[in-house]
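Q: I have a structure I would like to understand better, so I am pasting it below and will then ask my questions one at a time.
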Amino acid sequence: MSAPRRGKPPRHFSDLEPAERAAALAELGEKPFRARQLATQWFERLEDDPERMTDLPASSRRRIADALLPTLLTPVRSLTADGGRTVKTLWRLHDGALVESVLMRYKNRDTLCISSQAGCGMNCPFCATGQAGLTRNLSTAEIVEQVLAASRALARGEVAGGPGRVSNVVFMGMGEALANYRSAVAAVRRLTAPAPDGLGISARGVTMSTVGLVPAIDKFAAEGIAATLALSLHAPDDELRDELVPINQRWKVGEALDAARRYFEATGRRVSIEYALIRDVNDQAWRADRLGKLLNARGKGWVHVNPIPLNPTPGSKWTASDPAVERAFVAALEARGIPTTVRDTRGSDIDGACGQLAAVAPEQPRA
Ligand code: SAH
């Protein structure tokens with residue numbers, strides 16, 4: 000099979016800052032105030048059918064849509080679990096690249112896990128996405144469109160559990176978002192801008208997850224967005240982390256934790272430390288204790304730990320920790336006063352849990 004053509008996605012209305020929108024409409028011969036009407040239709044009413052945008056002149060709708068609302072994501076397949084309350088969608092991008100997003104409905108929130116890149120260049124050996132390497136960065140609009148698609152489906156009552164809205168967005172799908180900094184941060188701005196400029200999702204509901212790209216963490220802290228930062232630590236010692244999260248060879252555990260602490264100081268948002276528990280690899284109580292010490296050395300009340308039972312990935316020899324070992328790991332952190340919550344394994348039965356997104360097209364056999 001020949002490799003699909005890779006290319007820059009077409010420009011889209013969701014790529015544009017509010018200030019750029021009027022100019023884009025003017026280029027089409029439209030009055031600048033049409034920009035706000037279009038934004039209201041697109042981000043607030045969640046309308047994606049140009050013919051229903053009846054406040055726009057009938058003669059202009061098609062032209063505006065052709066120029067500014069090209070289809071960026073085509074659904075290839077959806078898998079559901081939890082009685083339809085977890086939905087993993089595989090999307091095909093304009094150039095054939097594939098990405099996945101996962102909607103998880105809880106009692107008090109609807110969380111969407113989104114992708115920021117097709118593939119990932121970080122090469123963490125326990126993550127399915129990391130195994131395939133990086134295909135390309137997503138554009139801002141390709142990231143935002145994942146959220147819009149879920150928002151539309153929820154608003155229209157198409158997802159089990161009744162009508163709803165996306166309250167939380169986590170950059171925990173495919174890709175290292177901070178390695179696609181401009182697009183990812185512009186997407187956060189679009190998601191959190193009040194309607195009709197954007198989707199009006201609370202910044203507190205947005206979580207940026209990173210392997211620990213220290214300069215990018217500092218830059219993100221300075222953006223003035225009160226999003227949550229999640230640091231994928233997975234080991235408190237450089238020797239093991241060099242292997243589990245290869246970027247550690249560039250920025251060490253101590254440097255990543257210092258950056259996380261600075262993020263807290265700049266934003267006031269408590270940082271999450273993600274720690275996939277891998278049987279007999281990183282799950283020893285002494286490592287939990289070492290982690291607790293490292294966190295306390297940087298202050299109290301600024302951080303919590305999210306152990307994640309390892310989700311299986313094809314071809315990996317690693318497996319999740321024994322439940323008793325997991326409990327001992329949590330107890331060791333709690334003994335040092337670190338708030339700790341084990342993450343649920345939502346979606347694991349549809350390969351939709353953390354680290355399982357590999358975007359395999361249905362016609363291809365799985366390795
Ligand atoms: N590139 C970002 C987002 C990755 S996915 C980052 O590394 O933070 C979100 C989380 O799932 C990360 O903490 C990642 O390390 C973790 N993860 C990856 N593979 C996993 C697996 N097989 N089981 C459990 N968690 C995994």
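Numbering-wise (numbering that gives the first Met the number 0), the sequence shown opens with residue 0 and increments by one.
Even for Gly, the Cβ is constructed at its ideal location relative to N, Cα and C.
Enumerated in chain order, which unbroken segments of the beta strand (DSSP E) with a length of 3 residues or greater are wholly contained in the segment 136-187?
A: Runs of the beta strand (DSSP E) inside the segment 136-187: 167-170.
Q: With DSSP run on the structure shown, which of helix, strand or coil describes E99?
A: In the structure shown, E99 sits in a strand (DSSP, three-state: E or B).
Q: What span of residues does the beta strand (DSSP E) with W90 cover, start to end?
A: That run of the beta strand (DSSP E) goes T85 to R91.
Q: According to DSSP, is A226 helix, strand or coil?
A: If DSSP states are grouped into helix, strand and coil, A226 belongs with coil.
Q: Which same chain residues end up closer than 8 Å to L68 when comparing Cβ atoms and leaving out the 5 residues on each side of it in sequence?
A: Excluding sequence neighbours, L68 sits near H11, F12, W41, D47 and P49.
Q: Run the proximity test for G83: is its beta-carbon closer than 8 Å to any non-hydrogen atom belonging to the ligand SAH?
A: No, the ligand SAH has no heavy atom inside 8 Å of this Cβ.
Q: Do you know offhand how far L294's Cα is from L256's?
A: Taking the straight line from one Cα to the other gives about 8 Å.
Q: Just to check my reading of the structure: A215 and T266 have Cβ atoms closer than 8 Å, yes? What is that Cβ distance to the nearest angstrom?
A: That pair is no contact at about 15 Å.
Q: For a test of the three-state rule: what should DSSP assign to N305, helix, strand or coil?
A: Strand at N305.
Q: Excluding five sequence neighbours on each side, which residues of the same chain lie with their C-beta closer than 6 Å to the C-beta of L72?
A: W90 and E144, listed in sequence order.
Q: So, with DSSP's three-state summary, where would you put S208?
A: Correct three-state label for S208: strand.
Q: Exposed or buried, what is G354 when buried is set at 16 or more other beta-carbons lying within 10 Å of its beta-carbon?
A: Burial call: buried.
Q: Spatial neighbours of T85 within its chain, please: CB distance less than 6 Å, with the 5 preceding and 5 following residues excluded, ordered by chain position.
A: So the qualifying residues of the chain are M103, R345 and G346.
Q: Using a threshold of 9 Å, state whether the C-beta atoms of S182 and E141 are closer than that.
A: Yes, the Cβ-Cβ distance between S182 and E141 is below 9 Å.
Q: According to the Cβ coordinates, are R151 and L45 closer than 9 Å?
A: Taking 9 Å as the Cβ cut-off, R151 and L45 qualify as a contacting pair.
Q: For G300, which of A66, E264, A275 and G28 has the nearest alpha-carbon?
A: For the residues A66, E264, A275 and G28, the minimum Cα distance to G300 belongs to E264.
Q: Please confirm whether V101 and G351 have their CB atoms less than 9 Å apart.
A: Yes.
Q: Taking the alpha helix (DSSP H) that E264 belongs to, which residues open and close that run?
A: Here the alpha helix (DSSP H) through E264 covers V252 to T266.
Q: Comparing alpha-carbon positions, which option in D94, E273 and V304 lies nearest K7?
A: Considering only alpha carbons, the answer is D94.
Q: If I measure Cβ to Cβ from G367 and keep anything under 6 Å in the same chain, skipping five residues before and after, which residues do I get?
A: Beyond the ends of the chain as shown, which are 0 and 366, falls residue 367; an answer cannot be given.
Q: Once DSSP output is grouped into helix, strand and coil, what is the label at E242?
A: Three-state result, E242: helix.
Q: Counting beta carbon pairs with one atom in the segment 153-162 and one in the segment 188-204, are three or more of them shorter than 8 Å?
A: No: the two stretches stay apart, fewer than three of their Cβ pairs being nearer than 8 Å.
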